[in-house]
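Per the numbering used here, the very first residue in the sequence shown carries number 803; after that it's consecutive. Yeah, the Cβ is synthetic: ideal placement off N, Cα and C, and Gly gets one too. Here the structure is a predicted model, which means the values were calculated and not measured. A short write-up of the structure that comes next.
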Amino acid sequence: MKSHIDKRVTIALCLIIFTLSGTGFAMNIFKNDFEQQWPELSQDVEKLNEYTKVHSVEMRNMKVEGLDLEGVIFSGSTFSEIEWENIDASKSSLTKVTFRKCKFIGGSWKNGTLTDVTFEGCDFIDTSFSRGVMNNVHFKDCKIERTGIAYLTGSRVEFDGCAWNTGAGGDSSCEFIFKNSSLSGISFSKMENNVPLLIENSRLNEINFYGSHFSTVTLRHVKQGEGGVKFNNITAETVTFENVDMTNGTAIARSHVKSVIINGGKFGTTFDDSIIGTVHVRDTELYYMEFSEVKLPKVTISNSKLYDTGLYDGFIEEFSVYNSEFNIIDGENFKADIVVWDNVTLDGKIDLSNAQINDFRPSRIKRGPKLNLITDRSNISF
């Protein structure tokens, strides 16, 4: 008997809610306290901050448009499926905040302080998060268009599963980490404070790191689009390319790097006018690798294939190649102190005319079927 009464009460309540839905009552009873007060609080940032300083707020399924929220404070808050359009939230303070499936269209979040903030499945269009402090900020599965996240200070900013097309992240002094992401048309020039950079399982197209100062740079399982990836005029302790596919205009020119490591995959670059301590290559296919017009102390290559290699007008103090193949060398006027080539195959046009090597140590040299070896005016012989 009691269960029948409960059912009748439930049905009656549903009929009342349905009847009153035109007045907005039905929607409001599902809103939390903050959502009900939001229309009033959003008009006065001081009152809004008085509320959020003592409440961890939650807001869902709403469009927020054209508001002045400069200096807003949110702590321990969650925003789900909110469309933030043309909002001025500059100088905001966000701590342990989660934005889930939100849209940021236009607007400014400049000069803010973001600590332990997560953007999950969000879209950004023509928005600015520049000139702020970011500590442990995580962009997860986000789409970012024409958006600046630059001139930052702080600790770590991580992008995972994101697509960032056109924007800037440079002039920053915090660590950037990119995983499983696609970056196109982004400037990371003039990074400061010798921060590390990690890019993993990602695609890069038209990316510029000009004039940046890194501690370490690591690119792992990275593919390059049609546009170049430029590390010109940088400084770094170590630059590592591991199992990458990057042969369309990568450059490390006019740079100061203690060690360049290339391990696996396909790669090609130029070192024009750079000061590089050591170059180590192994298990790699090198395309259009340019050791020309540069002075390098030590280059070691093993178990690799080299296609269209430039050595012309270059100088390498110690050039060691083991168990590898050269197909086409442009090496006119190449100079070296010590060259050790062991178990090396030469094929195609190998032009070493006027090459001058003080100590040449070839052993187990193999001749390919299309070898055209040119050593005119050089002091070497095979």
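Which listed residue (D1047, F1093, E1127 and G1066) has its alpha carbon closest to that of P1171:
E1127
Contacting residues, own chain, Cβ-Cβ under 7 angstroms from L1006 (five flanking each side not counted)
L985, V1024, Q1026, G1027 and V1031
My understanding is that G950 touches S930, with C-beta atoms under 8 angstroms, so please give their C-beta distance in whole angstroms.
5 angstroms
Short check: CB of D894 to CB of G914, under 9 angstroms?
Residue identity differs from the one stated: residue 894 is Ser in this sequence, not Asp. Contact flag set, yes.
Would you mind sorting K865 into buried or exposed? The rule is 16 or more other CB atoms within 10 Å of its CB.
exposed
Please classify V1141 as buried or exposed, where buried requires at least 16 neighbouring CB atoms within 10 angstroms.
buried
Can you pull the DSSP bridge partners for P998?
According to DSSP, which records beta bridges pairwise, P998 is partnered with nothing at all.
For Q838, which of helix, strand or coil comes out of DSSP?
helix
Tell whether a beta-carbon distance below 9 angstroms holds between K898 and S910.
no
Report the option in P1099, K1100 and G1070 whose CA atom is closest to the CA atom of S1106.
G1070
Straight-line CA distance for W966 to T1049?
22 angstroms
What does the alpha-carbon distance come out to for the pair T825 and R862?
With a pLDDT of 40 at T825, under the threshold of 50, the predicted position of this residue should be treated as unreliable, though the coordinate-derived value follows. T825 and R862: Cα-Cα distance of roughly 20 angstroms.
For G972, which of G963, S983 and V997 has the nearest alpha-carbon?
V997
Fully enclosed by the segment 1035 to 1081, which alpha helix (DSSP H) runs are 4 residues long or longer?
none
Residue from D928, Y1090 and F978 with nearest C-alpha to N995:
F978
Residues in its own chain within less than 6 angstroms of Y1089 by CB, not counting five upstream and five downstream?
T1049, G1070 and Y1109
Please look up how many angstroms separate the CB atoms of K1100 and E1120, rounded, as I've assumed it's under 8 angstroms.
5 angstroms
Closer than 6 angstroms by C-beta to Q1158: which residues in its own chain qualify, once you throw out the five before and the five after it? Chain order, please.
K1137 and N1181
Where V1096 sits in the DSSP three-state scheme
coil
Rounded to the nearest angstrom, how far is the Cβ of V1096 from that of G1067, given a contact under 8 angstroms?
With 8 angstroms as the limit, V1096 and G1067 do not qualify as a contact, their Cβ atoms being about 23 angstroms apart.
So for Y1012, helix, strand or coil by DSSP?
coil
Close beta carbons around L1175, own chain, < 6 angstroms, minus the five adjacent residues each side
I1152
Same chain, Cβ closer than 8 angstroms to R1056, neighbours up to 5 away in sequence not counted:
N1034, N1035, D1074, D1075 and S1076
Which one of F1162, G1150 and K945 has the shortest CA to CA distance from V1123?
F1162
Once the 5 residues before and after R1084 are set aside, which same chain residues still bring their CB inside 7 angstroms of it?
N1065, S1104, N1105 and S1106
Ends of the alpha helix (DSSP H) at Y1124?
From DSSP, Y1124 is part of no alpha helix (DSSP H) but of the beta strand (DSSP E) over F1117 to D1132.
Could you tell me which residues DSSP pairs with S892 in its beta bridges?
Paired residue(s): none; S892 is not in a bridge.
To the nearest angstrom, how far is the alpha carbon of F798 from that of C904?
Missing from the structure shown is residue 798; the chain here goes from 803 to 1184 and no further.
In whole angstroms, give me the CA-to-CA distance for D1149 and Y953.
49 angstroms
Less than 8 angstroms between the CB atoms is what I'm expecting for F876 and F906, so what's the real figure, rounded?
Contact flag wrong, Cβ pair sits at about 15 angstroms.
Is L843 helix, strand or coil when you go by DSSP?
helix
Using a threshold of 8 angstroms, is the CB atom of T1177 nearer than that to any non-hydrogen atom of the ligand NAP?
Because no ligand of any kind appears in the structure shown, any question about the ligand NAP cannot be addressed here.
Hey, would you say E1044 sits closer than 9 angstroms to T1020, going by beta carbons?
yes
From G1013 to S1061, what distance separates their C-alpha atoms?
17 angstroms
Given that a residue counts as buried once 16 or more other Cβ atoms are within 10 Å of its Cβ, and exposed if not, what is E1092?
buried
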